[in-house]
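Undergrad: After the structure tokens below, expect a handful of questions from me.
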Amino acid sequence: MSALNPCYHCALPVPRGARFTAVVLGERREFCCPGCQAVAQAIVDGGLESYYSHRSESSTNPRTLPAQLTDEQALYDRPDVQAPFVRHDDNLAETTLLIEGISCAACGWLIERHLRSLSAVVEARLHLSNHRLQLRWNDAALPLSQVLSEVLSIGYAAHPYRADQATEQLAQENRRSLRQLGVAGLLWFQAMMATMATWPEFNIDLSPQMHTILRWVAMFLTTPIVFYSCVPFFKGALRDLRTGHLTMDLSVSLAIGMAYLAGIWTAITGNGELYFDAVGMFALFLLTGRYLERRARERTAAATAQLVNLLPASCLRLDERGQSERILLSELRVNDCVRVHPGAVLPADGRIVSGQSSIDESLLTGEYLPQARRPGDAVTAGTLNVESALTVEVLALGHDTRLSAIVRLLERAQSEKPRVAQIADSAAQWFLLISLICAAVIGLVWWQLDPTRAFWIVLAMLVATCPCALSLATPTALTTATGTLHRLGLLLTRGHVLEVLNQIDTVIFDKTGTLTEGRLTLRAIRSLGSLDSDECLGLAAALESHSEHPIARAFGSTPLNADQVISMPGLGLEGRVGSHLLRIGQPAFVCALSDSPVPAMPDEPGQWLLLGDEQQALAWLVLDDRLRDDAAALVEACRQRGWKTVLLSGDSSPMVARVAAQLSIDEARGSLLPDEKLKVLQQLRTQGRKVLVLGDGVNDVPVLAAADISVAMGSATDLARTSADAVLLSNRLQALVQAFELARRTRRIIIENLLWAGLYNGLMLPFAAIGWITPLWAAAGMSVSSLIVVLNALRLVRIKTGALPPALTGHQRPLPE
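In my numbering, the protein residues as written are 401 to 1217.
Laid out in structure tokens, this is it:
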């Protein structure tokens, strides 16, 4: 793409390599930035595409918009344009905006502070992992276009969030960051070799001409690092200067810029030390951290895109004559009737008009057994129709569905910033301010004493106080511990888990798929007639082989064949095996075939099914969901640490109380919806408790997101895994027990690293201020300090994985009978 091509929206040059495009007036157009692309797409989506046919001049670039509203921004105030992404509730508007230009946590603090200062804004929360801003405001007092202008006025671009655009934008940022990191790493090694060859310590017999050549080679190698790889730091520093807000970008830019200028002076004059290797080292360390952060954002965006795909792209709508036509989901309207065939996903919340079937609601409830649904029953978007065709009247679409409500709970919980993070943001401001003030004051003092040394001493102070070791102290320890736990089958997706594990005093468990295996097994057969257990199992398996119900998987396969099999949703199956006309399912349904009384059900826990023929009841079959082998060990480990244990489940069966009694869990509640689970968690938080949540279903997502620490099973839904702080890839609960011990060691390592980094900065700063440390030695000391921090963190690679204490090695015990 040529750099001379004009942006279709604002006519500014399109940067080389930019990939911002959209289809306008039937052709794919090029844009200079995501801001122009977003505005153009909004114009097209709002049905105003003819604007581009009649405009007399190009529009203003969104990055340089004046304070007053433009015609393009005013489009966002139209109700029809806002409909896809703005919700209204209690005279307030709520939306999600995607923010461009964010480089660190301080950016989020600045955006939130600026928007909250506006009287019409009720809530503004920025989620740093995906750059999404949750906004609630009075749109009657403050139009959306003005909100976008306010964000732009502090140096950021905002536009309505769309999952596909967000994913593409974060992917572009990730690729750009990887290129910048690669350039910095490759050229730094070459510049370092050229620079080190000029050091007298190496005693290399080089001619003056070769010294000059090496100095110029080092300068040319470092220049792309500064003007390409370090561009994000300089842009952040300029933004800080405009807004009067300090971030690490300012101090990093000063150190890199001054070291680069000092190196140029040395290369030209031959006097002083070359600091080009220090420039490359700074850039490589800092860009590596930011690249890893971008990778995390990309994973979050991919998970969000998967969430969008939970709903079908199209559905079958019924017309007034009852004829079905396939339409896009976006064309569906409230009060329409849709036809949902077996195996299809429900496109919207609604009410069954006709038909009976079983609905797999595991996406929302976490329970794997489908629930029988009849005319008049409510059904939910994203759930699966298992058995028979249904006609459903649409009652809620899009943002109004139950699935969307769960997602909003998730986003709100994720955007809440912990108190410790707020304190860290404030402390970082003071640290940077004090460092810069000290450097400026000492520089002025030395300017009066010895002007020839003032510049070098200020540079040495900036290099010495560059918080590389301090910034590595916690991340390296957490990264090493994360890799160790990964080998054990526990994947940490957020860095605060190991630190906060030391503060936990309450654990909330889900039941199905978490403490239990989440699948039914055939535990026993009680024969009632002349047939033995094996013969009854063969007949039952023949019938169940024609069913898609999860219960059927518990019976296995059989050489017998069943014919004329009919499924009665919520009741059972009827079919013929050889000369036998059989039924299996609910006792009353089965006994109606032989017109005989229902036999007494065995007094044992589990889900009992009856098998019978035209003559009599043949056998009772009991199905059960087994506890995981290490569930008791995990609960015992929590008890030994004095933690409170709570079981919260969407299951309404007596199994909840039985599991709690079997594992000696302190408190158990069943039949809970997602918002009810979240209320229980919030009540515990108000009591001052630190809560760990272990779950596996979408119904656990809000409580997972709001917990101090959340752990999802490896077999959990995609949304549950991406919302959790950790994932048990191996489904081994024992890995959590090992994580408790590793958390204690990690905390000790982090404290040691922070003490060392603080001691280093505290000692180096006064020595640099009095001129005892040159910038070169300051850079070397910073590298050694960082290396010590890294080596100390590597101690976490070793972990004892031997036998657990006797109390934690119990095997699976049967459920109480």
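Backbone N, C-alpha and C fix where the C-beta goes; we use that ideal spot for every residue, glycine too. It should be emphasised that the depicted structure is a prediction, and the values quoted were computed from it without experimental measurement.
Within 10 angstroms of its Cβ, does residue 468 collect 16 or more other Cβ (buried), or is it exposed?
TA: Since pLDDT at residue 468 reaches only 36, below the 50 mark, its modelled position is unreliable, and the value read off the structure follows with that caveat. Residue 468 should be labelled exposed.
Undergrad: Identify whether residue 848 lies in helix, strand or coil by the three-state DSSP scheme.
TA: Three-state DSSP puts residue 848 in a helix.
Undergrad: Looking at C-alpha atoms only, which residue of 758, 1077, 559, 934 is the closest neighbour of residue 382?
TA: Only positions 401 to 1217 of the chain appear in this structure, which leaves residue 382 out of reach.
Undergrad: Buried or exposed, going by whether 16 or more other CB atoms sit within 10 Å of the CB of residue 1041?
TA: Classification of residue 1041: exposed, given that the 10 Å Cβ count is below 16.
Undergrad: Going by beta-carbon coordinates alone, are residue 749 and residue 801 separated by less than 7 Å?
TA: Cβ distance < 7 Å, so residue 749 and residue 801 count as in contact.
Undergrad: Below 6 Å CB to CB, which residues in the same chain sit around residue 843 once its five sequence neighbours on both sides are set aside?
TA: 854, 858, listed in sequence order.
Undergrad: Residue 1224: which of 1136, 427, 1091, 1106 sits nearest, CA to CA?
TA: Nothing in the structure corresponds to residue 1224, since the chain is present only between 401 and 1217.
Undergrad: Quick check: the segment 951 to 966 against the segment 918 to 928, are there 3 or more CB pairs under 8 Å?
TA: Taking 8 Å as the limit for Cβ pairs, the verdict is that the segment 918 to 928 does touch the segment 951 to 966.
Undergrad: So, are the CB atoms of residue 880 and residue 1194 less than 7 Å apart?
TA: In this structure, residue 1194 lies closer than 7 Å to residue 880 by Cβ.
Undergrad: Can you check the segment 598 to 645 for any alpha helix (DSSP H) of at least 4 residues that lies completely inside it and give the ranges in chain order?
TA: Complete alpha helix (DSSP H) runs here, min 4: 608 to 624, 631 to 643.
Undergrad: Mind listing, in chain order, the continuous beta strand (DSSP E) runs of no fewer than 3 residues lying wholly within the segment 903 to 991?
TA: Taking only runs of at least 3 residues, the beta strand (DSSP E) segments lying wholly in the segment 903 to 991 are 906 to 909, 916 to 927, 963 to 968, 972 to 977, 980 to 985.
Undergrad: In whole angstroms, what is the alpha-carbon distance linking residue 586 and residue 729?
TA: Each residue's alpha carbon lies about 49 Å from the other.
Undergrad: Compute the distance between the beta-carbons of residue 1104 and residue 1126, then report whether it is under 7 Å.
TA: Cβ distance not < 7 Å, so residue 1104 and residue 1126 don't count as in contact.
Undergrad: Let me make sure I understand the geometry here. Which of 847, 628, 1091 has the alpha-carbon closest to that of residue 904?
TA: Comparing Cα positions, the closest option is 1091.
Undergrad: Relative to the C-alpha of residue 1110, which candidate in 1078, 1086, 1087, 1141 has its C-alpha closest?
TA: Out of 1078, 1086, 1087, 1141, 1078 has the C-alpha closest to the C-alpha of residue 1110.
Undergrad: With DSSP as the reference, identify every bridge partner of residue 424, one or two as the case may be.
TA: Beta-bridge pairing links residue 424 to 427.
Undergrad: Kindly indicate which three-state DSSP category residue 785 falls into: helix, strand or coil?
TA: Three-state result, residue 785: strand.
Undergrad: So, at 7 Å on beta carbons, what are the nonlocal neighbours of residue 964 in its own chain, with the 5 sequence-adjacent residues on each side left out?
TA: Once the five neighbours on either side are set aside, the close Cβ partners of residue 964 are 975, 976.
Undergrad: Pull the bridge partners of residue 1046 from the DSSP assignment, please.
TA: Note: residue 1046 sits in a beta bridge opposite 908, 1067.
Undergrad: Distance, Cα to Cα, residue 962 vs residue 978?
TA: Spanning the two alpha carbons is a distance of roughly 7 Å.
Undergrad: Suppose you measure from the CA of residue 1197 to the CA of residue 1142; what does that come to, to the nearest Å?
TA: Between residue 1197 and residue 1142, the C-alpha separation is close to 10 Å.
Undergrad: Given this structure, state the Cα-to-Cα distance separating residue 1002 from residue 1057, to the nearest angstrom.
TA: Distance between the alpha carbons of residue 1002 and residue 1057 is about 19 Å.
Undergrad: Tell me which residues share the same chain as residue 1031 and place their Cβ nearer than 7 Å to its Cβ, disregarding the 5 neighbours each side in the sequence.
TA: Closer than 7 Å at the Cβ level, and outside the excluded window around residue 1031, lie 915, 1063, 1133.
Undergrad: So if DSSP puts residue 780 in a beta bridge, which residue, or which two residues, is it bridged to?
TA: In the DSSP output, where bridge partners are listed per residue, residue 780 has none listed.
Undergrad: Could you tell me whether the segment 666 to 676 touches the segment 612 to 629, using the rule of 3 or more Cβ pairs below 8 Å?
TA: Output reads yes: the segment 612 to 629 touches the segment 666 to 676.
Undergrad: Have a look at the DSSP bridge pairing and note the partners of residue 1075.
TA: In the DSSP output, where bridge partners are listed per residue, residue 1075 has none listed.
Undergrad: Considering residue 1020, what are the terminal residues of the beta strand (DSSP E) in which it resides?
TA: Counting along the chain, the beta strand (DSSP E) containing residue 1020 begins and ends at 1017 to 1027.
Undergrad: Thinking residue 561 and residue 633 are a contact (beta carbons under 8 Å), I'd like their distance in whole angstroms, please.
TA: Going by Cβ atoms, the distance from residue 561 to residue 633 rounds to 27 Å, so no, they are not a contact pair.
Undergrad: Rank 847, 720, 947 by C-alpha distance to the C-alpha of residue 770 and give the top, closest one.
TA: Among 847, 720, 947, the Cα nearest to that of residue 770 is on 947.
Undergrad: Pick from 525, 502, 541: whose alpha carbon is nearest that of residue 491?
TA: The residue with the shortest Cα to Cα distance from residue 491 is 541.
Undergrad: In the DSSP assignment, find the unbroken alpha helix (DSSP H) run with residue 1144 in it and report its ends.
TA: Here the alpha helix (DSSP H) through residue 1144 covers 1134 to 1169.
Undergrad: Excluding sequence positions up to five away, which residues of its chain have a Cβ less than 6 Å from the Cβ of residue 515?
TA: So the qualifying residues of the chain are 521, 524.
Undergrad: Which residue wins for smallest C-alpha separation from residue 1170, given the options 1019, 847, 956?
TA: If we check each option's Cα against that of residue 1170, 847 comes out closest.
Undergrad: Using CA atoms only, rank isn't needed, just tell me which of 638, 652, 1145, 684 is closest to residue 629.
TA: Among 638, 652, 1145, 684, the Cα nearest to that of residue 629 is on 684.
Undergrad: Closest by CA to residue 1007, which one among 1017, 986, 838, 654?
TA: Of 1017, 986, 838, 654, the residue nearest in Cα terms is 986.
Undergrad: In terms of alpha-carbon separation, which member of 989, 877, 1106 lies closest to residue 1086?
TA: When each option's Cα is compared against that of residue 1086, the closest is 1106.
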